[in-house]
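Student: Residue numbers (my numbering): 5 to 556.
We put the beta carbon where it would ideally sit given N, CA and C, even for glycine.
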RNA sequence: GCGCCCGUAGCUCAGCUGGACAGAGCAGGGGACUUCUAAUCCUCAGGCCGCAGGUUCGAAUCCUGCCGGGCGCGCCA
């Protein structure tokens, strides 16, 4: 069970409302911006005013009186007041705050974990870049977003499988093979042309050298013109090396997968052909203009789509029929595809595939990631694969580090285009919010290092609390809610925002409140508060794949 | 033309299943280090929350229309 420290209060308020008005409302509790509005406030009376046909203030007064008399809360409430149009403002006693800290530190499962209302088995697919070149900053955003979301969902109690779909079939792989073969030939003095849309990056030469180490001059005599066997070797083995490199690079930014699923394997083992045939048997296809069409509009797509071109080649969609049905049949409750925003129009046909195949299209959920653009010296940086001006994920990480890269990329909602100022990212390395959060963590550990012994978790509350202590604790109390919301809304950026908030409150607490050397009860409470904060920051950063250093 | 996303402080963006005077970081002004690390804190300044209507006791948040920007609408992948 997750610990939601506010839940008992919500329940008590709901019960009080029911006793006084007969209706049981959903209770919203907020920490007011104005300290004179108390520690917590609820607008619940305003919502009840209409159906109860009484002025909101009157209802609020009744609920407040009932609440104040609630024996189960007695020692934890300091005061209950009605203010404004009918807000109920609650001031909590030190005993409540002490109970919260105790709850956080003494919980049997991790604080804030397993908060999902209904745990699901979820299959996430993300990055899935062609193995024809290194990952660029767009992939980096996908990776940072999806990996953080996966961690978040798992933390919330879901079972998450992570998969990378390798687009290793078709023309672009041949291009890669030809490009590598050309560079391979050059190592032996054999000059061949790299086609117009071939790949020219340095990495191509690197792969050629690696393959040369593997097979020596085995293929030198089959390069001009290139033989089928040679092409198969250079595309196949080259793609494998490329995927290895991509996997390594992702591990470097703490992004790992449970499986790498090859598109080409679906063709090799006949799955694509079988699934297309099954589609035909179901009567969801037709021929027109020499092509085979998927009648996806039957399932809500805006128009039908080609499965097999007039020239006999299967389209990318045909692979997706096999792949998505395969995924859907593995028994997950939900499939999450993380795709670029330009794939928006692709969603209805994916759902159509599932519906046609007897799976539910509803199972599929797509997170669309908006574009990352780079700005350098005040101008949009033009990125082109052809011109070799692509900024790779590796470049970015080398520039600003893994922690800053991940935090930067996941700090903003995936639904909004991200403009990343390279100069700023470099220069601001020290000012980057990630350091702000990390520093709060090291500060907390610094305090704890001073101690000779740990205080008991159930240390009694001091008679009075500093406002900074209260603010910090109220924010800690929000953690389970923040996690649950971030998971439900598929928005890991909320965790980043929460952590910046928490770090700010902790820094303020640090400046106002000494910990070591205070009277016993004060010190014990503050130590426990510090422990709870350190734990929460470390956990939160972990959900973002960012480290929580002990010293900086 | 149709679909999706975005439009909030000088800049980059949070907040959007409606709640009390709109937030953060950066940039700008002024302060705070014999004290658990100043990678910090405090403070000041800075906003027709794109525009116009509507719903509501209450709208940055919901609805409609418009304006501006991005992306997509292939027998490409």
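1. Less than 6 Å between C-beta atoms, sequence neighbours within five positions excluded: which residues of the same chain meet that for residue 36?
2. How should residue 290 be labelled, buried or exposed, when 16 other C-beta atoms within 10 angstroms of its C-beta is the threshold for buried?
3. Report back the beta-carbon spacing between residue 194 and residue 400 to the nearest angstrom; my notes put them in contact at under 8 Å.
4. Between which two residues does the alpha helix (DSSP H) carrying residue 30 extend?
5. Pick from 12, 367, 87, 462: whose alpha carbon is nearest that of residue 42?
6. When you compare the CB positions of residue 336 and residue 126, do they come within less than 8 Å of one another, or not?
7. Do you know whose CA, among 308, 38, 540, lies nearest residue 449's CA?
8. Given residue 550, which residues of its chain have a CB within under 7 Å of its CB, disregarding the five upstream and five downstream residues?
9. CB-CB under 8 Å to residue 527, same chain, minus the five flanking residues each way: which ones, in chain order?
10. Around the C-beta of residue 102, are 16 or more other C-beta atoms found within 10 angstroms, so that it is buried, or is it exposed?
11. With residue 186 as the anchor, note down where its alpha helix (DSSP H) starts and where it stops.
12. In the DSSP output, what is residue 289 paired with across the bridge?
13. By the three-class DSSP mapping on this structure, what secondary structure does residue 565 have?
14. Would you mind stating whether residue 239 and residue 276 have Cβ atoms separated by less than 8 Å?
15. When we look at the beta-carbon of residue 154 and count the other beta-carbons within 10 Å, is it buried (16 or more) or exposed?
16. Mind listing, in chain order, the continuous beta strand (DSSP E) runs of no fewer than 3 residues lying wholly within the region 190-271?
17. Mark residue 288 as exposed unless 16 or more other C-beta atoms lie within 10 angstroms of its C-beta, in which case mark it buried.
18. Output the distance between the C-alpha atoms of residue 31 and residue 547, rounded to the nearest integer angstrom.
19. Measuring CA to CA, which of 262, 418, 295 is closest to residue 342?
20. Residue 91 by DSSP, collapsed to three states: which one?
21. Of all the options 365, 338, 476, 376, which has the alpha carbon lying nearest to the alpha carbon of residue 344?
22. Whose C-alpha, out of 39, 149, 68, 71, is nearest the C-alpha of residue 372?
23. Looking at residue 25: is its Cβ nearer than 8 Å to the Cβ of residue 70?
24. Please specify which runs of the alpha helix (DSSP H), each continuous and at least 4 residues long, are wholly inside the region 134-173, giving them in chain order.
25. In whole angstroms, what separates the C-alpha of residue 477 from that of residue 537?
26. Alpha carbon to alpha carbon, how far is residue 570 from residue 423?
27. Am I right that residue 182 and residue 202 are in contact with their C-beta atoms under 8 Å? What's the rounded C-beta distance?
28. Within the continuous alpha helix (DSSP H) that includes residue 547, where are the two ends?
29. According to DSSP, simplified to helix, strand and coil, what is residue 369?
30. Touching or not, the region 131-145 and the region 109-120, by the rule of three or more beta carbon pairs under 8 Å?
31. Taking the alpha helix (DSSP H) that residue 132 falls in, what are its first and last residues?
32. Just confirm the distance between the C-beta atoms of residue 429 and residue 532, as a whole number of angstroms; I'd bet it's less than 8 Å.
33. Identify the residues that DSSP records as bridge partners of residue 344: which are they?
34. Would you check if there are 3 or more beta carbon pairs closer than 8 Å linking the region 305-314 to the region 245-258?
35. So what does DSSP say about residue 9, is it helix, strand or coil?
36. If we count the other Cβ atoms within 10 Å of its Cβ and call it buried at 16 or more, is residue 5 buried or exposed?
Tutor: Quick answer:
1. 45
2. exposed
3. Going by Cβ atoms, the distance from residue 194 to residue 400 rounds to 36 Å, so no, they are not a contact pair.
4. Taken as a continuous stretch (DSSP letters only), residue 30 belongs to no alpha helix (DSSP H), as it is neither H nor E.
5. Of 12, 367, 87, 462, the residue nearest in Cα terms is 87.
6. yes
7. 540
8. 407, 410, 411, 438
9. In the same chain as residue 527, and ignoring 5 residues on each side of it, the C-beta atoms closer than 8 Å to its own belong to 459, 519, 520, 521, in chain order.
10. buried
11. Residues 175-191.
12. Within the DSSP bridge table, the entry for residue 289 names 298 as partners.
13. The first residue shown for the chain is 5 and the last is 556, placing residue 565 beyond what the model contains.
14. No, these two residues do not count as a Cβ contact at 8 Å.
15. buried
16. Runs found: 263-266.
17. By the 10 Å Cβ count, residue 288 comes out buried.
18. 29 Å
19. 418
20. strand
21. 376
22. 149
23. Residue 70 sits away from residue 25, with the two beta carbons spaced by 8 Å or more.
24. 141-159
25. 9 Å
26. The displayed coordinates of the chain run from 5 to 556. Any statement about residue 570 would go beyond what the structure contains.
27. With 8 Å as the limit, residue 182 and residue 202 qualify as a contact, their Cβ atoms being about 6 Å apart.
28. 524-547
29. strand
30. As far as the Cβ criterion goes, the region 131-145 does not touch the region 109-120, which means the pair count is below three.
31. No alpha helix (DSSP H) holds residue 132; DSSP gives it neither H nor E.
32. With 8 Å as the limit, residue 429 and residue 532 do not qualify as a contact, their Cβ atoms being about 37 Å apart.
33. 373
34. no
35. coil
36. Only weak support is given to the placement of residue 5: the predicted model assigns it a pLDDT of 41, under 50, and the question is left unresolved by the model.
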